[in-house]
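Participant: One structure is given below, represented as structure tokens, and several questions about it will come after.
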Amino acid sequence: MGNNTSDSKRLFNQAIERLRDDMQSREIGAILWDNSTAGFHYIPETTITDKDGKQSVIRIMGLYIYDNTLYLVEEGMAPVELTEFYTDGVEVPPVVVTLTEDSAMRHLGDPRKEKGYTTIASDEEWLVIADCYFEALAEE
């Protein structure tokens, strides 16, 4: 009989892989959303613990596939803003922006070297973020 904890983790990792696979099948290298205007049912957040053990809640503004790993894009921390994708005063600000793999790499950089990206979230946080992903696709 399998260990329930390891079975649950394996299943959860498969769910994250399916989320990444869904993005890739749609040719989305990154998806960014505006939490203030998206109207999500839940706020996508994760709790991060720093080296000193201090916890902070980080709002997630998107997902980014880099080197076959799915990263969470931290609002206000990652080197990207939705304002990069429209001309203020001319175009309506987007609620959701999807980027191809090449465009995502140009705009978001290497998440292993830049601040503002994480892969760490609890199972519950990942579920909320996955829900926001699918709600964002419906907004686009």
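Just so we're aligned, residue 151 is where the sequence shown starts under my numbering, counting upward by one. By construction, the Cβ of each residue, glycine as well, lies at the ideal position given by its N, Cα and C atoms.
#1: Check whether chain D comes within 7 Å of R160, counting only Cβ atoms and requiring the distance to be less than that.
#2: Between H257, P244, L213, which lies nearest to A271 when the distance is taken from Cα to Cα?
#3: In terms of residues, what are the limits of the alpha helix (DSSP H) holding A280?
#4: Can you tell me the Cα-Cα spacing of T155 and F162, whole angstroms?
#5: Could you say which of T269, V230, K265 lies nearest to S253 if we only look at CA atoms?
#6: Can you give the Cα-Cα distance for T219 and R170, rounded to whole angstroms?
#7: How long is the line joining the alpha carbons of E234 and R176, rounded to whole angstroms?
#8: Have a look at the DSSP bridge pairing and note the partners of Q205.
#9: If you count every other CB in all the chains shown that lies within 10 Å of the CB of D200, and 16 or more means buried, which is it?
#10: Out of D260, Y192, Q205, state which residue places its alpha-carbon closest to the alpha-carbon of M211.
#11: Quick check: the Cα distance between A286 and V247, rounded to an integer number of angstroms?
#12: How would you call A288, buried or exposed, if buried means at least 16 neighbouring beta carbons within 10 angstroms?
#13: Measure the Cβ-Cβ separation of A228 and G266 and say whether it is below 7 Å.
Facilitator: Quick look at the numbers:
#1: Going by chain labels, chain D is absent from the structure shown, which holds only one protein chain.
#2: The residue given as residue 271 occupies position 121 in the sequence shown. Considering only alpha carbons, the answer is L213.
#3: Position 130 of the sequence shown, counted from the first residue, corresponds to residue 280. First-last of the alpha helix (DSSP H) with A280: 273-289.
#4: Within the sequence shown, numbered from 1, the residue matching residue 155 stands at position 5. Within the sequence shown, numbered from 1, the residue matching residue 162 stands at position 12. C-alpha separation (whole angstroms): 10 Å.
#5: Along the sequence shown, one-based indexing puts residue 253 at 103. Selected option, being the one with the closest Cα: V230.
#6: As a working mapping, residue 219 is identified with position 69 in the sequence shown. As a working mapping, residue 170 is identified with position 20 in the sequence shown. One C-alpha to the other measures close to 8 Å.
#7: Along the sequence shown, read from residue 1 onward, the residue named residue 234 stands at position 84. Along the sequence shown, read from residue 1 onward, the residue named residue 176 stands at position 26. For E234 and R176, the distance between alpha carbons rounds to 22 Å.
#8: For the purposes of this step, residue 205 is taken as the residue at position 55 of the sequence shown. DSSP lists T199 as partners of Q205.
#9: Residue mapping note: residue 200 aligns to position 50 of the sequence shown, counting from 1. So D200 ends up on the exposed side.
#10: To locate residue 211, count along the sequence shown from 1; it is residue 61. Looking at the Cα atoms, Y192 is the closest of the given residues.
#11: Mapped onto the sequence shown, residue 286 falls at position 136. Mapped onto the sequence shown, residue 247 falls at position 97. Cα to Cα, the separation comes out at about 9 Å.
#12: Reading the sequence shown from its first residue, position 138 is the one you call residue 288. So A288 counts as exposed.
#13: Residue 228 sits at position 78 when you count from the first residue of the sequence shown. Residue 266 sits at position 116 when you count from the first residue of the sequence shown. Yes, Cβ-Cβ distance for A228 and G266 is below 7 Å.
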